[in-house]
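A.B. asks: Taking the numbering used here, the leading residue of the sequence shown gets 60, the next gets one more, and so forth.
Just so it is clear, CB atoms sit at the ideal spot from N, CA and C, and this is done for glycine as well.
From a predicted model like this one, the values you see are computed outputs, not experimental measurements.
Take a look at the following structure, please.
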Amino acid sequence: MEDNRAQVPSILSKVTIFNADKVLMVIIPILFVLSALVVYSSVAKMGYAHMGTETNAIFTKHLVVILLAVITMMGCYFMGAKFLYRIAPYAYVFCWLFTLGVYFFGAKSGDAARWYDFGFSVQPSELLKVATILLLARMLDQAQPTIGKQRLIPSLNPWRWNKKERKKQLDILWNGTCKILMPIVASVMVIIKAHNSTALLVFGIGLVMIFIARALKMEIFKFVLLIVVAIAIYFAAGGGRAHTATSRITNFVKEWTTPADTTATRPLTDADHAMIAIYDGGLFGVGAGQSVMRAKITHPESDYIFSFFVEEYGIIMGMILIILYAWIFARAIAIFHSSRWLFGGLLALGLALMITIQALLHFMVSTHLFFETGQNLPLISHGGTSMICTAAALGIILSISRQVNNRTLEPPEGIAAMSGEDNDE
């Protein structure tokens with residue numbers, strides 16, 4: 060008698076709901092655990108900074124944020140690519156207006172309004188980063204039939220806007236500038252007033268996405284040139300936080316170019332304390348909760364969390380942490396190459412770029428290879444909005460990978476699918 064048992068599928072074989080990238084599903088919980096460990100080590104300094112707030116209350120609040128981040132990530136995990144494609148314009152408009160509104164209704168920190176105070180703080184620029192990548196992925200997907208020959212910036216020569224050429228220039232302005240470049244420009248304009256480094260981060264990610272989508276390289280170069288000139292003029296006029304950026308760059312250059320023996324008596328900066336922390340950590344660290352420099356760094360729980368992580372856990376663990384972030388990007392590249400729909404693949408890659416470039420900036424600042432930017436370490440540093448938005452980004456990446464693995468990542472009707480050969484170009 061023929062055995063038909065092998066032909067009968069198990070009910071478990073139909074459960075593909077958690078068929079996402081396995082590597083990412085291991086890395087993400089590790090980062091959450093590390094976040095709890097290093098923030099717990101820094102709560103004593105945070106309690107002192109908040110005028111005696113109990114350290115247990117601060118740590119408990121961070122655990123609640125981690126729980127909310129996990130819930131957010133799972134919510135985004137179950138959002139399909141087609142749903143994200145449809146809501147992209149609405150999400151972007153909401154986040155852009157929400158970010159603009161903070162300058163009128165937000166709480167001020169120093170010389171800029173950066174967040175809303177609802178009893179808990181919300182930093183809208185973090186939301187706008189994700190929304191910008193979402194909308195840009197949609198726009199670049201729609202532009203694929205013509206992007207290889209589409210000019211992005213109309214002529215700046217007024218004589219080219221005569222009656223004969225006007226229609227052509229207006230077409231470039233609409234299909235190139237407005238549809239492809241405007242999400243980047245609008246986001247940079249609304250963010251740069253309070254967050255110079257975040258605005259430049261969004262600009263850089265947008266450029267990479269446009270390049271990957273195969274836009275004309277000369278058009279990208281012209282766009283970069285125009286933005287650099289515009290930002291230089293903006294800073295020269297004292298716009299945004301130009302003085303803060305200038306002072307940070309000046310101090311960074313001075314510290315690298317001034318002989319150490321002539322600066323022996325100057326007060327130590329956060330960068331100095333961060334380097335001391337890394338040196339003290341050595342290969343294996345001084346032990347969990349034993350950091351000394353955490354009490355001397357202004358914001359050890361956010362801006363310099365990597366430095367005292369190395370102090371407590373050692374350079375070897377620090378290198379492993381760097382590898383984990385690089386691995387996130389590597390997995391996003393694999394998801395992009397496996398995607399049959401450019402929107403999904405480009406969205407996953409753009410969000411991974413956001414996480415890894417921000418992490419790279421944090422590592423470079425902590426090791427004094429770059430001037431201070433204020434960028435925290437994604438998914439590890441203390442900060443509610445940043446952690447939840449990073450978790451949302453990772454949830455979307457996992458969602459795209461799940462759909463790729465389940466072979467359900469198909470473009471809507473009317474949008475051509477990508478072949479594997481197209482992805483490898």
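(1) Provide the residue span of the alpha helix (DSSP H) that contains T191, from first to last.
(2) Measure the Cβ-Cβ separation of V161 and P183 and say whether it is below 7 Å.
(3) Please name the residue, chosen from L122, L186 and L193, that lies closest to A147 on a Cα-to-Cα basis.
(4) Can you check DSSP and say which residues form a bridge with S100?
(5) Excluding the 5 residues flanking V67 on each side, which residues of the same chain have their C-beta closer than 6 Å to its C-beta?
(6) In whole angstroms, what separates the C-alpha of V247 from that of L229?
(7) What distance in whole Å lies between the Cβ atoms of I439 and T131, which are believed to be in contact at a cut-off of 8 Å?
(8) Return the CA-CA distance between A150 and L408, expressed in angstroms with no decimal places.
(9) Taking only three categories from DSSP, how would you classify A296?
(10) Expressed to the nearest angstrom, what Euclidean distance is found between the alpha-carbon atoms of V424 and N221?
(11) Measure the Cβ-Cβ separation of G265 and L195 and say whether it is below 7 Å.
(12) Taking the alpha carbon of L468 as the reference point, which residue from L156, H396 and T191 has its own alpha carbon closest?
(13) So, at 6 Å on beta carbons, what are the nonlocal neighbours of V82 in its own chain, with the 5 sequence-adjacent residues on each side left out?
(14) Check R273 in the structure and name its three-state DSSP category.
(15) Can you name, in chain order, every residue of its own chain whose Cβ lies under 7 Å from the Cβ of A411, other than the five neighbours on each side?
(16) Just to confirm, are L453 and I87 a CB contact at a threshold of 7 Å?
(17) Suppose you measure from the CA of F262 to the CA of A451; what does that come to, to the nearest Å?
(18) Provide the residue(s) that pair with Y175 in DSSP beta bridges, ordered along the chain.
(19) Confirm, please, whether the CB-CB distance from I279 to I271 is below 7 Å.
(20) Under 7 Å between the Cβ atoms of R197 and F402?
(21) Residue ranges of each alpha helix (DSSP H) run of no fewer than 4 residues wholly in the region 133 to 172, ordered along the chain?
(22) Can you tell me whether DSSP reads P359 as helix, strand or coil?
(23) Which first and last residues belong to the alpha helix (DSSP H) in which P242 is found?
(24) Would you mind working out which of S460, P437 and R353 sits nearest A128, comparing C-alpha positions?
(25) Would you report the Cα separation of T444 and P471, rounded to the nearest angstrom?
(26) What would DSSP say about L327, mapped onto helix, strand or coil?
(27) State yes or no: is the C-beta of G346 within less than 7 Å of the C-beta of G373?
(28) Considering N487, what are the terminal residues of the alpha helix (DSSP H) in which it resides?
(29) Report the CB separation of V102 from F118 in whole angstroms; it is logged as a contact under 8 Å.
(30) Determine whether the beta carbon atoms of F365 and F429 lie at a separation below 7 Å.
(31) Are the beta-carbon atoms belonging to I414 and I459 less than 7 Å from one another?
(32) Taking the alpha carbon of M133 as the point to measure from, which residue in R461, I474, I375 and N465 has its own alpha carbon closest?
(33) Give me the residue from L187, M334, W233 and K208 with the minimum Cα distance to K276.
(34) Figure out for me which residue from V267, I243 and A253 has the closest Cα to the Cα of T191.
(35) When you compare each of W400, F368 and A289 to Y144 by their alpha carbons, which one comes out closest?
(36) What does the Cβ neighbour count give for M352, buried or exposed, with the cut at 16 atoms within 10 Å?
C.D. replies: Walking through what the data contain:
(1) DSSP places T191 in the uninterrupted alpha helix (DSSP H) bounded by P183 to Q201.
(2) Yes.
(3) Nearest Cα to A147 within the set L122, L186 and L193: L193.
(4) In DSSP, S100 forms no bridge with anything.
(5) Note that V67 scores a pLDDT of 42, beneath 50, so its modelled location is shaky; the value from the coordinates is reported in the next line. Correct list: empty, nothing qualifies.
(6) The straight-line gap from Cα to Cα measures roughly 23 Å.
(7) Distance from T131 to I439 at the Cβ level is roughly 16 Å; contact not present, criterion being Cβ atoms closer than 8 Å.
(8) So the two alpha carbons sit approximately 19 Å from each other.
(9) Residue state for A296 is assigned as coil, using DSSP reduced to three classes.
(10) V424 and N221 have their alpha carbons spaced roughly 50 Å apart.
(11) With contacts defined by Cβ atoms closer than 7 Å, G265 and L195 form a contacting pair.
(12) Closest by alpha carbon: H396.
(13) Contacts found: R390.
(14) Correct three-state label for R273: coil.
(15) Correct list, in chain order: I387, F388, A391 and I456.
(16) Taking 7 Å as the Cβ cut-off, L453 and I87 qualify as a contacting pair.
(17) Cα-Cα distance, rounded: 20 Å.
(18) Beta-bridge pairing links Y175 to V181.
(19) No, Cβ-Cβ distance for I271 and I279 is not below 7 Å.
(20) Closer than 7 Å, so yes.
(21) If we require 4 residues or more, the alpha helix (DSSP H) runs fully inside the region 133 to 172 come out as 140 to 164.
(22) In the structure shown, P359 sits in coil (DSSP, three-state: anything other than H, G, I, E or B).
(23) First-last of the alpha helix (DSSP H) with P242: M241 to I250.
(24) Out of S460, P437 and R353, the CA that lies nearest to the CA of A128 is found in P437.
(25) Going by the C-alpha atoms only, they are around 32 Å apart.
(26) Three-state result, L327: coil.
(27) Not in contact: G346 and G373 (Cβ atoms no closer than 7 Å).
(28) Because the chain is modelled from 60 through 484, residue 487 falls outside the range shown and cannot be assessed.
(29) The pair is a contact, with the Cβ atoms about 5 Å apart (cut-off 8 Å).
(30) Taking 7 Å as the Cβ cut-off, F365 and F429 do not qualify as a contacting pair.
(31) No, Cβ-Cβ distance for I414 and I459 is not below 7 Å.
(32) Considering only alpha carbons, the answer is R461.
(33) When only C-alpha atoms are compared, the closest one is K208.
(34) Looking at the Cα atoms, I243 is the closest of the given residues.
(35) With distances taken between CA atoms, Y144 lies nearest to W400 out of W400, F368 and A289.
(36) It is buried - the Cβ of M352 has at least 16 other Cβ atoms within 10 Å.
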